[in-house]
Structures are given as C-alpha cells and as structure tokens.
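Asks: Residue numbers (this note's numbering), protein chains in the order written: chain F, 5 to 216; chain U, 5 to 216.
Protein chains: 2
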Amino acid sequence: MTTTPQTPEPAPGGQAPRRARRADARRNEQALLDAAAAVFVTHGVDAPVRLVAAEAGVGMGTIYRHFPTRPELVVAVYRHQVEALAEAGPALLAEEADPGQALRRWAAGFVEFLVTKHGLAGVLGADEGAGALHRYFVERLAPVCDALLDAAVGPLESGRVPGVMLMRGIGNLSIGGRDGTGYDAARMADLLVSGVLARGSARDAEPGAEPG
Amino acid sequence: MTTTPQTPEPAPGGQAPRRARRADARRNEQALLDAAAAVFVTHGVDAPVRLVAAEAGVGMGTIYRHFPTRPELVVAVYRHQVEALAEAGPALLAEEADPGQALRRWAAGFVEFLVTKHGLAGVLGADEGAGALHRYFVERLAPVCDALLDAAVGPLESGRVPGVMLMRGIGNLSIGGRDGTGYDAARMADLLVSGVLARGSARDAEPGAEPG
DNA sequence: AATCGTACGGAGCGCTGTTCCGCTTAGACA
DNA sequence: TGTCTAAGCGGAACAGCGCTCCGTACGATT
C-alpha cells in the first residue's frame with residue numbers, strides 16, 4: 005500500500021530544465037507521498053501535517069517545500085485515482101447502452117472514491133481558498149462529467165446542470181458518508197442523478213418559495 | 005436585528021426549580037445571543053468564539069458556562085428559525101394540493117435558511133461529535149420532513165428515503181451555497197427532491213458499480 | 001450588614017497550519 | 001580527489017483556534 009505512482013519524474017514545467025533535482029529531494033518527496041497515503045488511511049485526510057512529516061521522517065520545512073499547502077499534498081496523493089476516474093467516463097459511455105446509466109455508474113464511482121478517503125469530500129467542497137485541490141479536481145474531471153451529461157440529458161445550452169455543479173453536489177453529498185450514522189451517500193447521490201436525468205433540460209422549474 | 009427571541013425564561017429542565025437564576029446571568033445570556041447573532045451575520049457562523057465574547061462584553065468563562073460548546077451557541081441563536089421551519093411543514097401540506105410540491109417548497113425553505121447563515125450547513129453536516137446542534141435539528145425537523153415524505157411518496161415501510169437522511173443530504177448540498185462560484189444549492193436540492201419524488205418508493209434501484 | 005455560593009474574567013493549555021532561517025550536504029567542476 | 005556553492009533540510013517559533021481553570025466579584029438571602 006506504500007507505493008504511490010505519481011508522474012515518473014520529468015515534466016519540468018516551463019521550458020528549460022534548469023538543473024536536475026537533487027537525489028535526496030526526490031527521495032523525500034516520494035517518502036512524503038507514501039507516508040501521507042499511509043497516514044490518510046489510518047487517520048483520515050484531516051490528519052495533522054506534523055504526523056505525515058514524522059511518518060516520513062522529515063522536518064516541517066521539507067514537507068512544506070514539496071507541498072506548499074496541505075490540500076496540495078492531498079491532491080498529489082490521490083492524483084492517480086482521479087486519473088482513473090477521468091478515464092472511466094468515456095469507457096462507461098462506450099460500454100453502456102443507456103448514457104443515463106453510464107452517468108449513474110460514474111457518479112457511483114465518484115462517491116465511492118470520496119467516501120473511502122475519509123474527509124476528502126469536505127476538502128473538495130471547501131471554498132475557493134483551498135485552491136489547488138479544488139482546481140485540479142474540477143479541471144480534470146469536469147469535462148468528463150460534462151461529456152456524460154451531454155450524452156444523457158443534452159447539451160449545456162438546453163439548460164441542464166453544468167458538470168462542475170453536479171460534481172460539487174455529489175462531493176457535498178459524500179461528506180460524512182461513512183460515519184456511524186445511517187446516512188448513505190451513494191444512495192443520495194444516485195437520487196440526485198435521478199433528478200438530473202428526470203428534469204435535466206429546462207422545463208417546468210418552479211423550485212418553490214421559502215415557507216417561514 | 006439584535007433581538008433574539010429565545011424561550012422567554014422558565015423551562016428549568018428537570019423538575020424542581022432549585023432557585024431563580026441571578027439577574028446578571030440572564031442579562032449576559034441575552035447579550036451573548038444578541039452579540040452572536042450580530043457577529044454571525046458579519047463574520048459567518050464560523051466566527052471565533054472570542055469575537056462573540058468581545059462583542060457581548062463578557063469573558064471567555066461566561067460564554068462557555070452559558071453555551072458549553074460552540075455548536076450549542078449556534079443552535080440557541082437560530083432556534084426560533086428552526087421552529088418556523090418546523091411549523092411550515094404542516095402548513096404547506098395543508099395549503100398545497102400536491103404534496104410533492106409541498107415537499108419541494110419546504111426543502112427550498114430549508115436551503116434558504118442554511119445558505120443565508122453562512123457556514124451553518126457545514127456545522128449541521130459535521131459528524132456526530134458536534135452533538136447538540138445536529139441532535140436538535142434532527143429531533144425537531146425530522147418528523148416534519150417525514151410527514152411531508154409520507155404524503156408525497158408513501159410510508160417509510162415502502163422503502164422511501166428517511167426524513168433524516170433527506171435533511172442531511174439537503175444540508176450537505178447547502179454547503180458553500182453562496183460563495184462566489186456559480187454553485188446553486190437551491191437548484192441542487194430541488195433536483196435531489198425530484199429524484200426522491202421520481203423513484204421514491206423502492207423499485208428498480210441498481211445504483212451502479214464503481215468504474216475504477 | 002453579614003454571609004454565601006452563583007457567576008464572572010481572562011490567562012493559559014493543547015492543538016492546528018504555516019513561516020523562517022541557520023545548518024547540512026549533494027553534486028558540478030578543477 | 002578536494003573544493004565550493006546553492007539546493008535542500010530540520011524544527012523552533014508564530015498566529016489563531018476551541019476550550020478549561022481558578023481566583024475574584026457581586027446578587028440574593030438572612
């Protein structure tokens with residue numbers, strides 16, 4: 005469970021690879037990712053940064069140079085799982101006759117991912133300030149979700165809900181999906197998708213007014 | 005905006021009202037409630053406790069004797085609004101021909117309440133540990149929600165979603181409902197209700213399997 | 001007026017994420 | 001192989017959080 009793939013090495017960003025990174029730097033980054041993955045499993049995604057540093061056997065300075073902010077560490081740890089989710093979208097669309105069913109299954113996978121990583125959903129739903137994580141999830145997954153929605157309920161122009169918004173909704177629904185209470189995030193997400201499927205394109209909206 | 009109704013005075017809990025509370029105690033509790041209401045408006049529900057204490061002109065000890073934990077203060081501040089929501093349930097059921105529409109409107113009111121009190125939704129969705137708030141919301145509102153669901157999609161026995169769960173779902177959907185992003189909590193909640201209405205009783209479930 | 005215990009104030013504790021800076025050492029070059 | 005430099009490291013320190021503790025003040029009762 006300790007191996008965390010991560011992009012192999014290069015991709016130096018801009019254009020001129022100034023100089024190769026030092027060996028210990030690369031070693032520490034990997035140690036950090038492994039440690040974080042392990043700690044997140046036992047203590048949840050909200051585990052203190054210090055704990056991850058200790059587990060990896062490095063100092064605070066080191067962890068913050070490699071991952072300038074907590075969410076960025078989280079993103080790095082789960083990057084390959086997000087990738088799998090992104091690739092699952094087109095795949096489901098191809099293998100499933102009913103695109104609505106494809107969307108259903110993709111949503112279920114998204115929930116499963118968020119819910120098993122205890123606390124991840126909360127991080128996703130956090131306000132824009134969190135930055136990196138939110139942005140990465142959205143940029144990588146939103147187009148996939150939009151494609152599924154296009155196939156299932158029609159183009160964005162017809163008034164259907166945007167993919168980002170559905171993702172955010174599912175993310176929110178997944179918060180606390182596996183605490184003792186009987187709350188079933190997967191079921192709620194599926195009901196939300198049902199709603200989207202049922203009145204996907206803009207028709208009779210009339211959301212109602214507040215009572216009190 | 006400074007008046008916070010709250011139960012007038014008595015309701016001493018158990019059975020024997022040992023002794024009347026001291027005048028300054030009652031005065032401070034009210035000051036605290038007013039201060040909290042004001043601070044929550046300007047700084048959101050996540051405002052530091054110290055800020056509320058300062059605004060009320062009392063010390064930390066005082067605030068924590070009256071409201072042993074942060075969520076309990078929040079509950080007290082919004083208690084009358086919760087009450088209004090509870091009373092709105094039966095009222096909507098009576099005035100609306102279609103019970104589904106009644107449920108829709110009640111849900112809209114719930115979202116409106118959670119979203120305008122910035123950060124309240126997050127507190128509601130917090131894990132069981134939060135205690136008081138979660139419990140109060142559930143105990144007071146869940147029966148109302150269940151009644152609406154009974155009328156709209158049938159009895160619990162037929163396999164429909166429990167009221168508590170729908171409330172929790174709506175609560176989660178309301179998180180971050182009014183930050184800059186285009187996320188529309190009210191719309192998502194309405195879609196969720198649509199899903200509940202559409203496949204309310206247990207029929208073809210098959211939520212789908214995870215892709216990755 | 002004297003008493004007594006309820007209620008008060010706020011310093012302080014333990015926890016968090018994050019920053020800062022002096023020291024270490026990998027690795028290029030001679 | 002020795003030297004030198006800057007990339008990289010460790011961890012003390014900071015600010016901000018919820019919450020506790022305890023000596024002190026004062027409202028109510030006699």
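We treat Cβ as the ideally placed atom computed from N, Cα and C, and that holds for glycine.
So, for U:Thr66: in the same chain, excluding its five sequence neighbours on each side, which residues have a beta-carbon less than 6 Å away from its beta-carbon?
Replies: Once the five neighbours on either side are set aside, the close Cβ partners of U:Thr66 are Asn32.
Asks: What did DSSP end up calling U:His138 once you bin it into helix, strand or coil?
Replies: Helix.
Asks: Consider the Cβ of F:Ala202: report whether some Cβ of chain U lies at a distance smaller than 7 Å.
Replies: Closer than 7 Å to some Cβ of chain U, the Cβ of F:Ala202 qualifies, so yes.
Asks: Looking at the secondary structure, which residues open and close the alpha helix (DSSP H) in which F:Gly113 lies?
Replies: Its alpha helix (DSSP H) spans residues Pro103 to Thr120.
Asks: Residues of the region 177-198 of chain F with a CB closer than 9 Å to any CB of chain U: list them in chain order, please.
Replies: Within the region 177-198 of chain F, the qualifying residues are Leu177, Ser178, Ile179, Gly180, Asp183, Gly184, Thr185, Gly186, Tyr187, Asp188, Ala189, Ala190, Arg191, Met192, Ala193, Asp194, Leu195, Leu196, Val197 and Ser198.
Asks: Could you check if F:Arg203 is buried or exposed, using at least 16 other CB atoms within 10 Å of its CB as the buried criterion?
Replies: That one is buried.
Asks: Thinking just about the alpha-carbon of each residue, which of F:Leu170, F:Arg25 and F:Ala80 is nearest to the one in F:Leu124?
Replies: Comparing Cα positions, the closest option is F:Ala80.
Asks: Just checking, does the region 90-108 of chain F make contact with the region 54-66 of chain F on the three C-beta pairs under 8 Å criterion?
Replies: Result no; under three Cβ-Cβ pairs closer than 8 Å.
Asks: Does DSSP classify U:Ala60 as helix, strand or coil?
Replies: Helix at U:Ala60.
Asks: Any C-beta of chain F sitting closer than 7 Å to the C-beta of U:Met171?
Replies: It does not: the Cβ of U:Met171 has no partner Cβ on chain F nearer than 7 Å.
Asks: Does the distance from the C-beta atom of F:Ala190 to that of F:Val86 stay below 7 Å?
Replies: Against a cut-off of 7 Å, the Cβ pair of F:Val86 and F:Ala190 comes out as no contact.
Asks: Would you check if there are 3 or more beta carbon pairs closer than 8 Å linking the region 161-178 of chain F to the region 156-168 of chain U?
Replies: The answer is no - the region 156-168 of chain U does not touch the region 161-178 of chain F, with fewer than three Cβ pairs under 8 Å.
Asks: Considering only the alpha carbon of each residue, which of F:Met192, F:Ala35, F:His138 and F:Tyr68 lies closest to F:Glu59?
Replies: Taking only the C-alpha atoms, the option nearest F:Glu59 is F:Ala35.
Asks: Please look up how many angstroms separate the CB atoms of U:Leu107 and U:Ala156, rounded, as I've assumed it's under 8 Å.
Replies: The pair is a contact, with the Cβ atoms about 5 Å apart (cut-off 8 Å).
Asks: What residue from F:Ser178, F:Gly173 and F:Arg83 has the CA that sits closest to U:Ala193's CA?
Replies: Comparing Cα-Cα distances from U:Ala193 to each of F:Ser178, F:Gly173 and F:Arg83, the minimum goes to F:Gly173.
Asks: For chain U, check one thing: does any of its Cβ atoms lie closer than 7 Å to the Cβ of F:Leu153?
Replies: No, because no Cβ of chain U sits closer than 7 Å to the Cβ of F:Leu153.
Asks: If I measure Cβ to Cβ from U:Ala112 and keep anything under 8 Å in the same chain, skipping five residues before and after, which residues do I get?
Replies: Ala190, Ala193 and Asp194.
Asks: Tell me which residue opens and which closes the alpha helix (DSSP H) that U:Glu87 is part of.
Replies: Taken as a continuous stretch (DSSP letters only), the alpha helix (DSSP H) holding U:Glu87 covers Arg74 to Glu99.
Asks: F:His47: which of F:Asp102, F:Gly63, F:His122 and F:Gly104 sits nearest, CA to CA?
Replies: Of the listed residues, the one whose Cα sits closest to F:His47 is F:His122.
Asks: Would U:Ala90 and U:Val148 qualify as a contact pair, given that the criterion is a beta-carbon distance under 7 Å?
Replies: For U:Ala90 and U:Val148, yes; Cβs fall inside 7 Å.
Asks: Take U:Pro75 as the anchor and find which of U:Arg30, U:Phe141 and U:Glu99 has the nearest alpha-carbon.
Replies: When only C-alpha atoms are compared, the closest one is U:Phe141.
Asks: Got a sec? Which residues, its chain only, sit under 7 Å from U:Pro215 by beta carbon, not counting five neighbours each side?
Replies: In this prediction, U:Pro215 scores a pLDDT of 38, lower than 50, which makes its location untrustworthy; the coordinate-derived value is nonetheless stated afterwards. Taken in chain order, the list of residues that qualify is empty.
Asks: Give the range of the alpha helix (DSSP H) segment to which U:Phe44 is assigned.
Replies: Its alpha helix (DSSP H) spans residues Ala27 to His47.
Asks: Sort U:Leu177, U:Arg30 and U:Thr120 by Cα distance to U:Gln45 and report the nearest one.
Replies: Per the sequence shown, the amino acid found at residue 45 of chain U is Val instead of Gln. Here the closest residue by C-alpha is U:Thr120.
Asks: Where do the ends of the alpha helix (DSSP H) carrying U:Val197 lie?
Replies: Looking at the DSSP string, the run of the alpha helix (DSSP H) that includes U:Val197 is Ala189 to Ala202.
Asks: What are the boundary residues of the alpha helix (DSSP H) that includes F:Ile174?
Replies: Looking at the DSSP string, the run of the alpha helix (DSSP H) that includes F:Ile174 is Gly167 to Leu177.
Asks: If contact means a Cβ-Cβ distance below 8 Å, which residues of the region 139-150 of chain F contact chain U?
Replies: Cβ contacts with chain U come from no residue of the region 139-150 of chain F.
Asks: Determine the closest residue to U:Gly181 out of U:Gly126, U:Glu143, U:Ala40 and U:Ala151, with distance taken between C-alpha atoms.
Replies: Answer by Cα proximity: U:Gly126.
Asks: According to DSSP, is U:Arg69 helix, strand or coil?
Replies: U:Arg69: helix per DSSP, three-state reduction.
Asks: In the structure shown, what three-state DSSP assignment does F:Ala24 receive?
Replies: Coil.
Asks: Which residues of chain F have a Cβ atom closer than 9 Å to the Cβ of U:Val49, listed in chain order?
Replies: The premise fails here: U:Val49 is roughly 13 Å from chain F at the closest Cβ pair, so nothing lies under 9 Å.
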